[in-house]
Amino acid sequence: MRLLFLAVLRPHTGNAVTAQRVRDHLEAAGHVCLLKDACDFDGPSEIAVLIQAEAVEAAVALHLYRAGRLLQGHRIPFGIIFGGTDLNEDVNRGEKNQVMAKVLEEARYYRRAFRGIKDLTVLGGIHRNKKTEETKSLGGLHLAI
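Residue numbers (my numbering): -7 to 137.
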């Protein structure tokens, strides 16, 4: 499967290390993984061009707000890996929280990047739909990170 993986890739950060580790896992499972820096895109329209040009079948975003919002409105399934900023900072910012809730409504699955961060209830009960923070199937792809 051809996957677009969006993350914030500032060098020598936890996010960059996590993104590399997840990409390695996906590629070891036989997927083609196009890792892109979310900061390189101004909005979803630029992502739409990339999806079409690269024949992307599904997407993964590391960070609900920073990367996930770029995946809204496209006709490919996508999943979210929460970052600490999502659950510890952005959730407390009204406008960002609203955007994050809308992204979660569209996401096929979501999970925490690591154990021990705040419970998803901080997102105002958005998790009450059929999605959970555990791994889910994404069009034949199953993440178990």
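Glycine included, every Cβ here is placed at the ideal spot set by N, Cα and C.
Helix, strand or coil, according to DSSP, for residue i in the structure here?
| i | result |
| --- | --- |
| P103 | Here residue 103 turns out to be Arg, not Pro, going by the sequence shown. Here R103 sits in strand by DSSP. |
| E19 | helix |
| D82 | helix |
| V91 | helix |
| L54 | strand |
| V24 | strand |
Assuming residue i is part of the beta strand (DSSP E), what are its boundary residues?
| i | result |
| --- | --- |
| G71 | 70 to 74 |
| A(-1) | -6 to -1 |
Could you tell me if the beta carbon of residue i falls within a distance shorter than 8 angstroms of some heavy atom in the ligand FAD?
| i | result |
| --- | --- |
| N89 | With respect to the ligand FAD, the structure shown offers nothing to examine, as it has no ligands at all. |
Following the continuous alpha helix (DSSP H) through residue i, name the residue where it begins and the one where it ends.
| i | result |
| --- | --- |
| Q44 | 36 to 45 |
Around the Cβ of residue i, are there at least 16 other Cβ atoms within 10 angstroms (buried) or fewer (exposed)?
| i | result |
| --- | --- |
| L115 | With a pLDDT of 38 at L115, under the threshold of 50, the modelled position of that residue is not reliable, and the figure given next carries that caveat. So L115 counts as buried. |
| H55 | buried |
| C31 | exposed |
| L112 | For L112, the predicted structure reports a pLDDT of 37, less than 50, and the residue's modelled location is therefore unreliable. The matter cannot be settled from this model. |
| R58 | buried |
| G75 | buried |
Which residue's Cα is closest to the Cα of residue i: the options?
| i | options | result |
| --- | --- | --- |
| A21 | K28, G35, D32, L(-5) | L(-5) |
| D78 | C25, A51, L96 | L96 |
| I43 | R100, H17, L63 | L63 |
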